[in-house]
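To keep things clear, I will list the structure first and then write my remarks on it.
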Amino acid sequence: MSIDHDRLFKELIQTFFEEFIALFFPTMHEHIDFQHVSFLSEELFTDVTAGEKYRVDLLVETKLKGEDSLIIVHIENQSYVQPSFPERMFIYFSRLFEKYGKHIVPIAVFSYDPIRDEPSAFTLQFPFGKVLDFHFFTVELRKQNWRNYIRQDNPIAAALLSKMGYTESERVELKKQFLRMLVRMELDEAKQRLLFGFFETYVKLSDEEERRLRSEVNEMETKEKEQVLELIISYEQKALEKGREEGMKQGMKHIVQTMAKKGMSVEDIASITDLVEDEVRELLEKE
890 MSIDHDRLFK
900 ELIQTFFEEF
910 IALFFPTMHE
920 HIDFQHVSFL
930 SEELFTDVTA
940 GEKYRVDLLV
950 ETKLKGEDSL
960 IIVHIENQSY
970 VQPSFPERMF
980 IYFSRLFEKY
990 GKHIVPIAVF
1000 SYDPIRDEPS
1010 AFTLQFPFGK
1020 VLDFHFFTVE
1030 LRKQNWRNYI
1040 RQDNPIAAAL
1050 LSKMGYTESE
1060 RVELKKQFLR
1070 MLVRMELDEA
1080 KQRLLFGFFE
1090 TYVKLSDEEE
1100 RRLRSEVNEM
1110 ETKEKEQVLE
1120 LIISYEQKAL
1130 EKGREEGMKQ
1140 GMKHIVQTMA
1150 KKGMSVEDIA
1160 SITDLVEDEV
1170 RELLEKE
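Take a look at the structure:
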């Protein structure tokens, strides 16, 4: 199953928007009124010449030093070189400025794995003078050293350890530090689940690595060890329950579809399986 990177990042940053700004743009953070923050609907732009559609992932309405303003957050997960990306950021900016007529802060988050120097400006000039010099703020995650963030009690930092610069040999230590951060922050279950799910999407340890992790956790101080082990066991149980549920669904789907192939009606299948007719139809549509 393909990963919807845009949706994952959007949910993470929208949930922890202030923490995102504080982590990567502390000076900007001082100017934003976080009491007045609302997320607007996605803006979709069409490139008429290329025939492609692009969307701004997050459009935030807020106040910057008392003035109504917008913040664009665009997540770029494409790993191939895109010479036109700065131009695209300018188009986002200019069209939104035309539509809303407000001050706009543009931010691009580069989340792909290769390390590359991304431009942060779009310039239009001639030999006789410069016409345009547009700049935007950037976060290049893979260039960040994950160890610089593990002392911060910031949920964005914890989740994004999984997309920062680490080596294969550091994967076990990376997850251990992520778990320690989760324990320290004492978040509610929904937020904790969001962070855990995000991290696990990008850093999935092998069975051997999980055994090494468990061994290293057992060497921690008693109180912290108990808290981290409790967290690990909790999510292992949830994963197991989810797997069982998925297995049961797949088994029921197979039974329903087999019955249908034998010519049984929806009503008869529902009666035999104790499903309601709408559930039977839904399973048959997934064939």
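If you use the working numbering, the sequence shown corresponds to residues 890 to 1176, in order.
Where is the CB? At the ideal position from N, CA and C, for every residue including glycine.
| Check | Outcome |
| --- | --- |
| Cα-Cα separation between R1031 and Q903, rounded to whole angstroms | 21 Å |
| CA nearest to the CA of S1058, picked from F913, V949, E1098 | E1098 |
| Bounding residues of the alpha helix (DSSP H) (the contiguous stretch that carries L1071) | 1060-1074 |
| Whole-angstrom C-beta distance between Y989 and N966, which should lie under 8 Å | Actually they are not in contact, since the Cβ atoms of N966 and Y989 sit about 26 Å apart, beyond 8 Å. |
| Stretch pair the segment 921-928 + the segment 1045-1065: three plus CB contacts closer than 8 Å | no |
| Contacts around V1145, its chain only, beta-carbon distance under 8 Å, and the 5 residues preceding and following it disregarded | I1158, T1162, L1164, V1169, L1172, L1173 |
| Stretch pair the segment 1068-1080 + the segment 1045-1055: three plus CB contacts closer than 8 Å | yes |
| F982 versus N1037 - alpha carbon distance | 32 Å |
| Beta-carbon proximity check, F1025 vs P995, cutoff 8 Å | yes |
| Cβ-Cβ separation, V998 to V949 (assumed contact under 8 Å), whole Å | Rounded, the Cβ-Cβ distance is 13 Å, inconsistent with contact. |
| Distance CB(S1051)-CB(V1092) smaller than 8 Å | yes |
| heavy atom of the ligand PLP below 7 Å from D895 C-beta | Although the ligand PLP was asked about, the structure shown includes no ligands whatsoever. |
| Start-to-end residues for the beta strand (DSSP E) that takes in F1015 | 1010-1015 |
| Environment of T1111 [buried if 16+ CB atoms lie within 10 Å] | exposed |
| Burial state of R1143, where buried means 16 or more other Cβ atoms lie within 10 Å | Position check: residue 1143 holds His in this sequence, whereas Arg was assumed. Its Cβ having fewer than 16 others within 10 Å, H1143 is exposed. |
| Sub-8 Å separation of A911 and H918 beta-carbons | yes |
| Proximal residues to F923 (C-beta, below 6 Å), its chain only, five neighbours per side dropped | E907 |
| Backbone secondary structure at D1096 - three-state DSSP | helix |
| Limits of the unbroken beta strand (DSSP E) element including K952 | 947-953 |
| Reference I961; option with closest CA among F974, K952, G955, D946 | D946 |
| Backbone CA spacing between L1083 and F909 [nearest angstrom] | 15 Å |
| Close beta carbons around Q1033, own chain, < 7 Å, minus the five adjacent residues each side | M1053, G1054 |
| Cutoff 6 Å; reference L901; Cβ partners in own chain excluding five residues on either side | A1048, F1087 |
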